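Student:
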Amino acid sequence: MNNSSSGRRKLVVYFIGFTAALAGLLFGLDVGVISGANEFIKRDFGITDQQLEFVVSALLWGAVVGAAGSGFVSARFGRRRTILASAVVFIIGAFACSLAPHENFLIAARFFLGLAVGMASFTAPLYLSEISPQSVRGGMISMYQLMITIGIVVAFASDTWLASYAEIDGVKGGHWRVMLGVIAIPAAIMFFGVLFLPESPRWLCLKGFQQRASDVFRRMHLDEAEIAAEIAAIEDSLKIKQSGLQLLQENANFRRAVGLGIGLQIIQQLTGINVIMYYAPRIFEIAGFGSTLEQMWGTVIVGITNVLATFIAIAFVDKLGRKPIMYAGFVTMGVAMLTVGVLFNIGVENDKSLAYPAIVALLVFIVGFAMSAGPIIWVLCSEIYPLAGRDLGVTFSTCTNWVANAIVGMTFLTLLDKLGAGNTFLLYGGLNVAFIVFFLLLVPETKGVSLERIESNLLSGLPLRRIGR
Ligand code: BGC
Numbered sequence: 001m002n003n004s005s006s007g008r009r010k011l012v013v014y015f016i017g018f019t020a021a022l023a024g025l026l027f028g029l030d031v032g033v034i035s036g037a038n039e040f041i042k043r044d045f046g047i048t049d050q051q052l053e054f055v056v057s058a059l060l061w062g063a064v065v066g067a068a069g070s071g072f073v074s075a076r077f078g079r080r081r082t083i084l085a086s087a088v089v090f091i092i093g094a095f096a097c098s099l100a101p102h103e104n105f106l107i108a109a110r111f112f113l114g115l116a117v118g119m120a121s122f123t124a125p126l127y128l129s130e131i132s133p134q135s136v137r138g139g140m141i142s143m144y145q146l147m148i149t150i151g152i153v154v155a156f157a158s159d160t161w162l163a164s165y166a167e168i169d170g171v172k173g174g175h176w177r178v179m180l181g182v183i184a185i186p187a188a189i190m191f192f193g194v195l196f197l198p199e200s201p202r203w204l205c206l207k208g209f210q211q212r213a214s215d216v217f218r219r220m221h222l223d224e225a226e227i228a229a230e231i232a233a234i235e236d237s238l239k240i241k242q243s244g245l246q247l248l249q250e251n252a253n254f255r256r257a258v259g260l261g262i263g264l265q266i267i268q269q270l271t272g273i274n275v276i277m278y279y280a281p282r283i284f285e286i287a288g289f290g291s292t293l294e295q296m297w298g299t300v301i302v303g304i305t306n307v308l309a310t311f312i313a314i315a316f317v318d319k320l321g322r323k324p325i326m327y328a329g330f331v332t333m334g335v336a337m338l339t340v341g342v343l344f345n346i347g348v349e350n351d352k353s354l355a356y357p358a359i360v361a362l363l364v365f366i367v368g369f370a371m372s373a374g375p376i377i378w379v380l381c382s383e384i385y386p387l388a389g390r391d392l393g394v395t396f397s398t399c400t401n402w403v404a405n406a407i408v409g410m411t412f413l414t415l416l417d418k419l420g421a422g423n424t425f426l427l428y429g430g431l432n433v434a435f436i437v438f439f440l441l442l443v444p445e446t447k448g449v450s451l452e453r454i455e456s457n458l459l460s461g462l463p464l465r466r467i468g469r
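Under my numbering, read the sequence shown as residues 1 to 469, first letter to last.
1. Going along the chain, which residues of its own chain have a beta-carbon closer than 6 Å to the beta-carbon of I107, five neighbours each way excluded?
2. What's the C-alpha gap between Q265 and F344?
3. Are the beta-carbon atoms of F122 and S200 separated by less than 9 Å?
4. Okay, do the stretch 269 to 289 and the stretch 425 to 442 touch, 3+ Cβ pairs below 8 Å being the bar?
5. Identify, in the order they occur along the chain, each residue of the same chain with its Cβ nearer than 6 Å to the Cβ of A358, setting aside the five sequence neighbours on each side.
6. So, do the stretch 132 to 152 and the stretch 90 to 105 have three or more beta carbon pairs nearer to each other than 8 Å?
7. Apply the 10 Å Cβ neighbour rule to G298 and answer buried if 16 or more other Cβ atoms are within range, or exposed otherwise.
8. Give a single yes or no on whether W61 has its beta carbon closer than 8 Å to a heavy atom of ligand 1.
9. Given this structure, state the Cα-to-Cα distance separating L247 from A120, to the nearest angstrom.
10. Looking at P375 and ligand 1, is the gap between the Cβ and the nearest heavy atom below 8 Å?
11. Tell me whether the stretch 219 to 232 and the stretch 11 to 30 touch, counting them as touching only if at least three CB pairs, one residue from each stretch, are closer than 8 Å.
12. Roughly how many whole angstroms lie between the Cα atoms of L84 and E383?
13. Exposed or buried, N350, counting other C-beta atoms within 10 Å across all chains shown (16 or more means buried)?
14. With DSSP as the reference, label A313 as helix, strand or coil.
15. Use the C-beta contact count for Q410: other C-beta atoms within 10 angstroms, 16 or more gives buried, fewer gives exposed.
16. Quick one, which of D159, G420 and A213 has its alpha-carbon nearest G36's?
17. Please determine whether the Cβ atom of F369 lies at a distance below 8 Å from any heavy atom of ligand 1.
18. Quick check: is any heavy atom of ligand 1 less than 8 Å from the C-beta of N432?
19. Between I152 and the rest of its own chain, which residues show a CB-CB distance below 6 Å, the 5 nearest in sequence each way excluded?
20. How big is the Cα-Cα spacing for V317 and K42?
21. With M337 and F365 assumed to form a contact (beta carbons below 8 Å), what rounded beta-carbon distance in angstroms separates them?
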């Protein structure tokens with residue numbers, strides 16, 4: 001391949017990657033925005049903490065349903081149309097939230113918006129894995145995670161800005177409507193971008209449109225020999241003519257992959273990342289940072305750290321591989337969380353000299369997550385399933401992500417209450433260390449291996465740890 005066609009190929013691939021990854025931006029915006037809007041919503045509607053919890057978690061349960069439904073929708077109508085549909089739901093959901101006349105309407109609107117978040121979190125990584133050349137596949141899916149983190153930090157920052165603005169000129173409530181409503185703008189941008197995206201060539205082959213699949217590869221500037229090889233490999237993997245459900249009933253190897261995906265997503269959430277994402281201001285408060293604005297700025301710094309460290313994964317995931325980064329990340333997270341726990345137990349509240357080291361350790365934890373579990377769990381979950389069962393497999397793992405996310409979110413305050421902050425962090429720290437064993441024993445290295453190869457290894461009965469060879 002000459003330089004100019006390699007340049008053109010890169011351009012097309014990155015355009016596709018960027019546009020599909022916008023789904024991640026919306027995911028992050030919607031997840032991040034609520035922490036800063038909470039107080040204003042509470043004041044405006046005069047609701048209790050419990051009602052507020054419904055407002056917050058409605059999105060997560062909507063995401064569970066959205067992710068569950070996307071398996072069927074994207075298998076039937078294609079990945080591209082599913083992403084388009086999610087963009088429409090994002091736009092309508094954002095408007096509905098910002099115009100909500102009372103809390104019940106807002107809860108329903110957040111659930112509706114959650115459907116879009118679930119659809120996006122299901123379809124975007126799947127689409128990216130199916131359309132990326134294998135040499136950059138890990139990086140492309142990590143770009144999706146990068147967008148999630150950018151979405152979260154933009155939401156934190158805009159919340160902080162709107163909050164300080166409200167404090168200054170005495171406007172006490174209306175701004176949460178702006179916070180929730182502006183998300184319609186990036187959703188509209190994604191809708192128009194996705195109109196230009198090609199369908200996933202693997203899905204096209206699955207539906208019998210080999211010619212159209214070849215055209216997609218041509219648009220990506222692959223040469224004819226490469227196209228023939230890609231199509232042949234995909235056809236080969238389609239020889240097992242089974243639906244996902246049938247595979248699940250009849251094929252123990254597929255069930256192993258499903259189990260692995262579910263395990264990986266539970267692990268991602270049990271790292272404790274969302275405890276920090278959702279409750280950072282509260283953690284800063286316990287650490288002795290009194291003012292709301294101080295806490296919100298602290299939260300913004302957490303968000304920025306999360307974005308920056310994701311670049312470590314993007315840079316190394318296709319060079320060093322998935323597993324070395326995972327080991328480094330989990331050791332970092334484990335040590336950092338245990339340190340936070342110890343410092344809180346010694347007594348951060350009363351001794352300001354301990355508060356700063358505790359915050360630094362918290363940021364180190366974020367670095368550990370963002371360079372490893374954040375992106376790479378999504379990468380692995382989109383790589384380990386055979387084509388015929390990919391929709392079902394990703395459905396299971398993505399739904400697990402949202403259910404585990406909701407459970408962690410719902411239990412944190414109770415844990416704080418029952419165990420105390422220090423022991424809660426020690427618990428999460430211990431879990432992070434224990435997860436290393438899971439990676440040692442069960443997780444494959446998939447760097448630079450085609451999806452078809454992973455599939456044939458899995459179905460031939462190789463141990464999970466070795467299906468990436
Ligand atoms: C996780 C989210 C988390 C985010 C933080 C994602 O990979 O699935 O639950 O909030 O990373 O960056």
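No residue lacks a Cβ here, since even glycine has one placed at the ideal position from N, Cα and C.
No experiment lies behind these values; they were computed from the predicted model shown.
Tutor: Well, looking at it:
1. F54, V55 and A58
2. 28 Å
3. no
4. yes
5. A287, V340, L343 and V348
6. no
7. buried
8. no
9. 25 Å
10. yes
11. yes
12. 23 Å
13. exposed
14. helix
15. For clarity, residue 410 is Met in the given sequence; the question names Gln instead. Per the 10 Å Cβ criterion, exposed.
16. D159
17. yes
18. no
19. G28, G32 and G303
20. 42 Å
21. 5 Å
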